[in-house]
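Since the structure comes first, as structure tokens, the remarks are kept for the end.
4 protein chains.
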Amino acid sequence: MNIDLNADLAEGYGDWRMGDDEALLEVLSSANLACGFHAGDPTIMQRTIRRARDRGVDIGAHVGFPDRQGFGRRPMQLGAEELAALVVYQLGALAGMARANGARVTHMSFHGALGNMAAADRDYAEPLLRAVASFDPSLVVLSSSSVAMESAAAAAGLTVATTFLADRAYDAKRLLVPRRLPGAVIHDHDTVLERVRRLLADGSVVTHDGAVIPMPVRSILVHGDTPGAVSFARAIRAEIEGSGRAVVPLSRQAA
Amino acid sequence: MNIDLNADLAEGYGDWRMGDDEALLEVLSSANLACGFHAGDPTIMQRTIRRARDRGVDIGAHVGFPDRQGFGRRPMQLGAEELAALVVYQLGALAGMARANGARVTHMSFHGALGNMAAADRDYAEPLLRAVASFDPSLVVLSSSSVAMESAAAAAGLTVATTFLADRAYDAKRLLVPRRLPGAVIHDHDTVLERVRRLLADGSVVTHDGAVIPMPVRSILVHGDTPGAVSFARAIRAEIEGSGRAVVPLSRQAA
Amino acid sequence: MNIDLNADLAEGYGDWRMGDDEALLEVLSSANLACGFHAGDPTIMQRTIRRARDRGVDIGAHVGFPDRQGFGRRPMQLGAEELAALVVYQLGALAGMARANGARVTHMSFHGALGNMAAADRDYAEPLLRAVASFDPSLVVLSSSSVAMESAAAAAGLTVATTFLADRAYDAKRLLVPRRLPGAVIHDHDTVLERVRRLLADGSVVTHDGAVIPMPVRSILVHGDTPGAVSFARAIRAEIEGSGRAVVPLSRQAA
Amino acid sequence: MNIDLNADLAEGYGDWRMGDDEALLEVLSSANLACGFHAGDPTIMQRTIRRARDRGVDIGAHVGFPDRQGFGRRPMQLGAEELAALVVYQLGALAGMARANGARVTHMSFHGALGNMAAADRDYAEPLLRAVASFDPSLVVLSSSSVAMESAAAAAGLTVATTFLADRAYDAKRLLVPRRLPGAVIHDHDTVLERVRRLLADGSVVTHDGAVIPMPVRSILVHGDTPGAVSFARAIRAEIEGSGRAVVPLSRQAA
Numbered sequence: 002m003n004i005d006l007n008a009d010l011a012e013g014y015g016d017w018r019m020g021d022d023e024a025l026l027e028v029l030s031s032a033n034l035a036c037g038f039h040a041g042d043p044t045i046m047q048r049t050i051r052r053a054r055d056r057g058v059d060i061g062a063h064v065g066f067p068d069r070q071g072f073g074r075r076p077m078q079l080g081a082e083e084l085a086a087l088v089v090y091q092l093g094a095l096a097g098m099a100r101a102n103g104a105r106v107t108h109m110s111f112h113g114a115l116g117n118m119a120a121a122d123r124d125y126a127e128p129l130l131r132a133v134a135s136f137d138p139s140l141v142v143l144s145s146s147s148v149a150m151e152s153a154a155a156a157a158g159l160t161v162a163t164t165f166l167a168d169r170a171y172d173a174k175r176l177l178v179p180r181r182l183p184g185a186v187i188h189d190h191d192t193v194l195e196r197v198r199r200l201l202a203d204g205s206v207v208t209h210d211g212a213v214i215p216m217p218v219r220s221i222l223v224h225g226d227t228p229g230a231v232s233f234a235r236a237i238r239a240e241i242e243g244s245g246r247a248v249v250p251l252s253r254q255a256a
Numbered sequence: 002m003n004i005d006l007n008a009d010l011a012e013g014y015g016d017w018r019m020g021d022d023e024a025l026l027e028v029l030s031s032a033n034l035a036c037g038f039h040a041g042d043p044t045i046m047q048r049t050i051r052r053a054r055d056r057g058v059d060i061g062a063h064v065g066f067p068d069r070q071g072f073g074r075r076p077m078q079l080g081a082e083e084l085a086a087l088v089v090y091q092l093g094a095l096a097g098m099a100r101a102n103g104a105r106v107t108h109m110s111f112h113g114a115l116g117n118m119a120a121a122d123r124d125y126a127e128p129l130l131r132a133v134a135s136f137d138p139s140l141v142v143l144s145s146s147s148v149a150m151e152s153a154a155a156a157a158g159l160t161v162a163t164t165f166l167a168d169r170a171y172d173a174k175r176l177l178v179p180r181r182l183p184g185a186v187i188h189d190h191d192t193v194l195e196r197v198r199r200l201l202a203d204g205s206v207v208t209h210d211g212a213v214i215p216m217p218v219r220s221i222l223v224h225g226d227t228p229g230a231v232s233f234a235r236a237i238r239a240e241i242e243g244s245g246r247a248v249v250p251l252s253r254q255a256a
Numbered sequence: 002m003n004i005d006l007n008a009d010l011a012e013g014y015g016d017w018r019m020g021d022d023e024a025l026l027e028v029l030s031s032a033n034l035a036c037g038f039h040a041g042d043p044t045i046m047q048r049t050i051r052r053a054r055d056r057g058v059d060i061g062a063h064v065g066f067p068d069r070q071g072f073g074r075r076p077m078q079l080g081a082e083e084l085a086a087l088v089v090y091q092l093g094a095l096a097g098m099a100r101a102n103g104a105r106v107t108h109m110s111f112h113g114a115l116g117n118m119a120a121a122d123r124d125y126a127e128p129l130l131r132a133v134a135s136f137d138p139s140l141v142v143l144s145s146s147s148v149a150m151e152s153a154a155a156a157a158g159l160t161v162a163t164t165f166l167a168d169r170a171y172d173a174k175r176l177l178v179p180r181r182l183p184g185a186v187i188h189d190h191d192t193v194l195e196r197v198r199r200l201l202a203d204g205s206v207v208t209h210d211g212a213v214i215p216m217p218v219r220s221i222l223v224h225g226d227t228p229g230a231v232s233f234a235r236a237i238r239a240e241i242e243g244s245g246r247a248v249v250p251l252s253r254q255a256a
Numbered sequence: 002m003n004i005d006l007n008a009d010l011a012e013g014y015g016d017w018r019m020g021d022d023e024a025l026l027e028v029l030s031s032a033n034l035a036c037g038f039h040a041g042d043p044t045i046m047q048r049t050i051r052r053a054r055d056r057g058v059d060i061g062a063h064v065g066f067p068d069r070q071g072f073g074r075r076p077m078q079l080g081a082e083e084l085a086a087l088v089v090y091q092l093g094a095l096a097g098m099a100r101a102n103g104a105r106v107t108h109m110s111f112h113g114a115l116g117n118m119a120a121a122d123r124d125y126a127e128p129l130l131r132a133v134a135s136f137d138p139s140l141v142v143l144s145s146s147s148v149a150m151e152s153a154a155a156a157a158g159l160t161v162a163t164t165f166l167a168d169r170a171y172d173a174k175r176l177l178v179p180r181r182l183p184g185a186v187i188h189d190h191d192t193v194l195e196r197v198r199r200l201l202a203d204g205s206v207v208t209h210d211g212a213v214i215p216m217p218v219r220s221i222l223v224h225g226d227t228p229g230a231v232s233f234a235r236a237i238r239a240e241i242e243g244s245g246r247a248v249v250p251l252s253r254q255a256a
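Chains as they are written, first to last, in this note's numbering: chain A, 2 to 256; chain B, 2 to 256; chain C, 2 to 256; chain D, 2 to 256.
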């Protein structure tokens with residue numbers, strides 16, 4: 002079986018950089034590109050699209066709140082009409098840039114506070130996913146495991162691909178433990194690699210409180226904006242390949 | 002013969018409004034929508050797309066500099082890579098929103114300082130129009146008369162439709178007299194209507210310094226952000242219809 | 002007894018206007034100027050400062066969330082450190098512009114969602130008002146009636162001046178009825194004028210549910226961004242003067 | 002004789018960082034803080050003010066164009082009224098934050114394209130410096146050597162302190178060679194240190210084309226946003242101290 006390895010890229014803005022996108026693109030099979038709202042701008046989007054295209058890396062839209070200063074991590078209370086509009090605007094902008102550069106957008110995911118709110122609440126997720134489907138119903142929705150997202154996506158006629166966040170704690174419902182809680186982010190690389198090995202071995206994860214639960218995924222997400230991110234991404238890729246699997250983007254995995 | 006009547010819409014931002022878009026949409030055959038850089042935001046773009054679609058009004062992208070505070074009227078010195086990226090980003094965003102709402106973008110034009118710089122300099126216009134063509138070579142480029150634009154569009158494989166700015170003075174080269182010069186903007190409504198009548202009668206315009214020159218156009222532009230804009234647009238429409246022509250968008254004019 | 006008449010001004014941005022600031026400045030004794038975060042920019046701030054100075058109108062800082070697109074009306078979850086920083090930044094910017102133009106800032110108020118959150122919760126108001134006091138403890142805090150604000154201001158050593166929002170419904174605790182509830186905003190001008198007359202006659206207001214409660218204020222706020230705002234402000238001023246009072250800014254009222 | 006050692010700090014924005022401000026503050030005697038227009042935001046300004054205050058480092062305002070995406074390095078054509086307004090707004094914001102934190106702003110400088118335009122043209126510099134003087138005539142203007150700046154400052158009643166940019170080439174008029182020209186930025190650390198040594202030894206600099214000219218300065222500027230910036234700043238400080246001088250901010254240098 003193959004598995005996708007993805008990260009959030011194009012998170013710079015103007016002269017500011019975040020993460021080593023070029024090096025990561027050598028390791029990943031998919032990239033989720035910021036679309037200019039919480040991070041990113043047309044120039045870095047264009048460059049990242051071209052590099053991903055040249056390396057055969059899948060291009061996805063990483064859609065976030067319009068809050069550059071807060072990096073899209075602050076909850077905002079926006080109406081359904083505005084939410085739908087900003088989802089489609091970002092998807093359209095990235096897809097347009099991909100098209101102009103001989104590439105295409107294969108998937109999308111929600112960033113930061115927008116993603117958390119959607120993963121926690123089906124009523125919140127539904128209009129967002131209807132907006133995605135109104136733009137392009139063939140886009141795969143990449144998400145951490147969430148019944149809310151899966152059911153809202155099904156209602157909108159969209160396919161979800163679950164991605165595993167190896168450095169984040171899960172609860173018994175397979176939801177991510179919120180960042181503000183202790184232990185939510187696992188910083189120790191050995192522990193993270195051990196979690197990847199377990200996932201690859203038998204498709205399970207150990208929850209925050211010690212239970213072992215199944216975690217069926219087609220994809221693993223690595224974070225690109227931490228120190229040592231590139232070498233750590235390489236280590237995860239080595240684990241995948243050492244397990245006999247290949248790193249393959251969702252668009253080229255057998256259904 | 003038919004003629005198009007267009008204006009620049011969706012120029013509000015957040016709670017701020019500019020022009021009476023709803024009333025103008027009843028008078029126009031085409032609308033050029035701001036795309037969120039010099040004006041506009043996803044919500045007003047979405048609303049304006051839906052209204053234009055419902056009224057059979059052609060939807061175009063009005064592409065500008067990333068300068069909301071200056072309304073895109075201040076020249077900015079950007080590199081060719083950034084210019085191409087921001088043109089495609091804006092086109093993609095609007096086209097995506099149109100697609101999600103069962104509509105399509107038929108044309109584009111450049112706003113403010115970006116438009117002036119392109120109309121004055123073929124070398125400046127070329128990469129801009131190559132960017133347009135890379136996104137969608139079927140987009141019609143709507144422009145005031147400009148040899149620079151026409152020749153750059155031809156090089157990029159794009160069709161230009163010249164639009165007549167009835168309230169702006171022209172020079173002997175058929176270029177707009179720059180706004181900062183005296184007499185560049187004609188405020189008297191009767192004078193403007195007289196210019197429209199002349200154009201409709203024999204396709205000519207009287208230049209800034211009194212010469213009569215041919216002005217072959219398929220379209221007339223009205224400004225929507227001035228006091229009395231709506232009733233004035235109606236008066237121009239009445240002139241067109243009184244001349245025996247119909248107000249028809251470019252996409253439905255015979256080639 | 003004298004009373005202050007104030008409104009929120011300088012709410013334009015770039016080419017966008019909101020309200021007729023010049024006309025209102027002829028009617029008011031105090032102006033609360035947006036400081037460039039939820040509305041306003043350096044140019045309109047500078048112009049409004051000069052006009053207010055020339056007319057002897059008190060200048061206050063209207064401090065809001067950093068959300069121009071949402072006009073500061075959307076709740077944002079910001080940490081205490083960031084809140085303190087953005088309060089002082091805005092106060093400093095306006096005070097600096099006043100100083101450079103031979104004027105001074107006499108008071109401040111919180112705008113929109115920031116104001117609502119502070120009026121409803123003493124714990125939220127306290128760090129905000131400590132930030133105000135750290136910048137200038139002589140600034141008068143202008144607020145709708147709120148025990149939370151009054152007690153937080155007292156703790157910070159600041160003076161509060163309560164202002165009466167004639168077109169907003171109050172509850173039995175003298176708090177504003179939230180905008181989203183029916184009847185929260187009173188649109189009928191005659192009803193609003195009747196409320197002003199009652200306040201001037203015996204210092205009372207009729208609450209949302211019909212009770213009569215005392216409303217001790219030194220100031221009345223009018224809204225400048227509604228149709229007919231200027232003539233309505235004049236009508237309120239006429240009521241004040243007809244009651245034998247003078248319209249006098251807080252800085253010139255006897256303590 | 003003492004000399005000041007300064008750098009441009011607080012150039013992060015939201016989650017994005019630029020340079021290691023904390024480490025640099027241990028080496029410098031003065032810091033020029035971005036004020037939220039080309040870089041910086043209230044939070045990083047507040048933190049940097051507190052750290053500079055605690056270390057006895059002079060605080061200056063680094064005033065730039067309102068162009069975060071372009072980092073203030075793109076020329077913008079703004080009118081004199083807007084320029085004056087944005088200069089005072091930025092000075093006021095920083096000075097207000099300093100005041101609220103028990104510190105004060107001692108100096109100011111112009112950043113990027115705004116600085117280049119002022120250094121090259123006395124007519125452009127004059128209204129800018131009048132704006133500075135209108136806010137606080139005691140602010141020292143820190144500038145690379147420029148007759149335009151010196152004469153405009155004198156006209157405005159302001160004191161200029163010339164700072165030496167050790168890694169930038171100068172021409173025979175003591176003006177910086179524009180960045181876009183070859184050799185304008187000197188990347189080799191040994192060459193830069195040699196230039197510092199010469200300056201400290203006899204107050205001279207070798208120009209772009211080999212001439213030796215006097216360069217009377219009270220201050221040296223180091224760049225903080227390049228790799229190795231901190232250790233290089235330490236090396237320059239060591240050169241200064243090795244020459245028998247002390248690193249002393251302008252505010253504590255004998256007049």
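Cβ coordinates follow ideal geometry from the N, Cα and C atoms, glycine included.
For this session: Would you mind telling me which residues of chain B sit closer than 9 Å to Met77 (chain D), beta carbon to beta carbon, in chain order?
Result: If you number the fourth sequence from 1, residue 77 (chain D) lands on position 76. The answer, in chain order, is Asp68, Gly71, Arg75, Pro76, Met77 and Gln78.
For this session: Return no unless some Cβ of chain C is closer than 8 Å to the Cβ of Leu166 (chain D).
Result: Here residue 166 (chain D) refers to the residue found at position 165 when the fourth sequence is read from its first residue. No, Leu166 (chain D) lies away from the interface with chain C (no Cβ there is under 8 Å from its Cβ).
Problem set entry | Leu26 (chain D) versus D:Arg51, D:Pro43, D:Asn3 and D:Asp16, residue with shortest Cα-Cα distance | Walking along the fourth sequence from the start, residue 26 (chain D) turns up at place 25. Here the closest residue by C-alpha is D:Arg51.
Problem set entry | Closest Cα partner of Leu79 (chain D) within the set D:Met109, D:Leu115 and D:Arg18 | The count along the fourth sequence starts at 1 and reaches residue 79 (chain D) at position 78. If we check each option's Cα against that of Leu79 (chain D), D:Leu115 comes out closest.
For this session: Could you give the DSSP three-state label for Phe111 (chain D): helix, strand or coil?
Result: Reading the fourth sequence from its first residue, position 110 is the one you call residue 111 (chain D). Three-state result, Phe111 (chain D): strand.
Problem set entry | Min CB distance Met118 (chain B) to chain A below 8 Å | Your numbering for residue 118 (chain B) matches position 117 in the second sequence. Not an interface residue.
For this session: Indicate the three-state DSSP secondary structure (helix, strand or coil) for Arg75 (chain D) in the structure shown.
Result: The sequence position of residue 75 (chain D) within the fourth sequence is 74, counting from 1. DSSP places Arg75 (chain D) in coil when its eight states are reduced to three.
Exercise. For Gly204 (chain C), which of C:Val218, C:Leu194 and C:Val231 has the nearest alpha-carbon?
Worked result: For this step, residue 204 (chain C) is matched to residue 203 along the third sequence. The residue with the shortest Cα to Cα distance from Gly204 (chain C) is C:Val218.
For this session: Give the interface partners of Gly171 (chain D) over in chain A, defined as CB-CB distance under 7 Å, in chain order.
Result: The residue given as residue 171 (chain D) occupies position 170 in the fourth sequence. As written in the sequence, residue 171 (chain D) is Tyr, which differs from the Gly given in the question. Those within 7 Å of Tyr171 (chain D) in chain A number zero; the least Cβ separation is about 25 Å.
Exercise. Which residues, in order along the region 84-111 of chain A, keep a beta-carbon less than 8 Å from a beta-carbon of chain B?
Worked result: Ala85, Ala86, Leu87, Val89, Tyr90, Gln91, Leu92, Gly93, Ala94, Leu95, Ala96, Gly97, Met98, Arg100, Ala101 and Asn102
For this session: Out of D:Ala11, D:Leu129 and D:Gly158, point me to the one whose CA is closest to Phe38 (chain D)'s CA.
Result: Along the fourth sequence, one-based indexing puts residue 38 (chain D) at 37. Residue D:Ala11 is the option with its Cα nearest to Phe38 (chain D).
Problem set entry | Phe165 (chain C) (DSSP reduced to helix, strand or coil) | Position 164 of the third sequence, counting from 1, holds the residue named residue 165 (chain C). DSSP places Phe165 (chain C) in strand when its eight states are reduced to three.
Problem set entry | Chain-ordered neighbours of Phe136 (chain A) on chain B, where CB pairs are closer than 9 Å | Against the first sequence, residue 136 (chain A) aligns to sequence position 135. In chain order: Gly97, Met98, Arg100 and Ala101.
Exercise. Quick one: is Thr192 (chain B) buried, meaning 16 or more other Cβ sit within 10 Å of its Cβ, or exposed?
Worked result: Working through the second sequence from its first residue, we reach residue 192 (chain B) at position 191. Thr192 (chain B) should be labelled exposed.
Exercise. By DSSP, does His188 (chain B) sit in helix, in strand, or in coil?
Worked result: Working through the second sequence from its first residue, we reach residue 188 (chain B) at position 187. Reduced to three states, the DSSP call for His188 (chain B) is coil.
Exercise. Quick one: is Ala202 (chain B) near chain A, going by C-beta distance under 8 Å?
Worked result: Your numbering for residue 202 (chain B) matches position 201 in the second sequence. With 8 Å as the cut-off, Ala202 (chain B) does not count as an interface residue toward chain A.
Exercise. Counting only runs that start and end within the region 180-241 of chain C, where is the beta strand (DSSP E) found for 3 or more residues in a row?
Worked result: 205-207, 213-215 and 220-223
Exercise. DSSP state of Ser144 (chain D), grouped into three classes?
Worked result: Start at 1 with the first residue of the fourth sequence, and residue 144 (chain D) comes out as number 143. Three-state result, Ser144 (chain D): strand.
For this session: Anything in the region 13-33 of chain C with a Cβ closer than 7 Å to a Cβ of chain B? List those residues in chain order, please.
Result: Tyr14, Gly15, Asp16, Trp17 and Met19
For this session: Apply the 10 Å Cβ neighbour rule to Met2 (chain B) and answer buried if 16 or more other Cβ atoms are within range, or exposed otherwise.
Result: Stepping through the second sequence from its first residue, residue 2 (chain B) is reached at position 1. Exposed, by the Cβ-count rule.
Exercise. List, in order along the chain, the chain B residues whose C-beta lies closer than 8 Å to that of Ala132 (chain A)?
Worked result: Indexing the first sequence from 1 puts residue 132 (chain A) at position 131. By Cβ distance, chain B contributes Ala101.
Exercise. Using the beta-carbon of each residue, which ones in chain C are nearer than 8 Å to Pro43 (chain D)?
Worked result: Within the fourth sequence, residue 43 (chain D) is the residue found at index 42, counting from 1. Within 8 Å Cβ-Cβ: Glu83, Ala86, Leu87, Val89 and Tyr90.
For this session: Answer with yes or no whether the minimum CB distance from Gly37 (chain C) to chain D is below 8 Å.
Result: For the purposes of this step, residue 37 (chain C) is taken as the residue at position 36 of the third sequence. Yes, contact with chain D.
For this session: Look at Ala149 (chain B) and Ala120 (chain B) and say whether their C-beta atoms are less than 8 Å apart.
Result: What you label residue 149 (chain B) is simply residue 148 of the second sequence in a count that begins at 1. What you label residue 120 (chain B) is simply residue 119 of the second sequence in a count that begins at 1. Yes. Within cutoff.
Problem set entry | Amino acids of chain D, ordered along the chain, whose beta-carbon sits closer than 8 Å to that of Met46 (chain C) | The sequence position of residue 46 (chain C) within the third sequence is 45, counting from 1. Under the 8 Å cutoff, chain D gives Ala86 and Tyr90.
For this session: Return helix, strand or coil for Leu177 (chain D), following the three-state DSSP convention.
Result: Working through the fourth sequence from its first residue, we reach residue 177 (chain D) at position 176. Strand at Leu177 (chain D).
For this session: Would you mind sorting Asp210 (chain D) into buried or exposed? The rule is 16 or more other CB atoms within 10 Å of its CB.
Result: Taking the first residue of the fourth sequence as 1, we reach residue 210 (chain D) at position 209. By the neighbour-count rule (16 or more Cβ atoms within 10 Å), Asp210 (chain D) is not buried but exposed.
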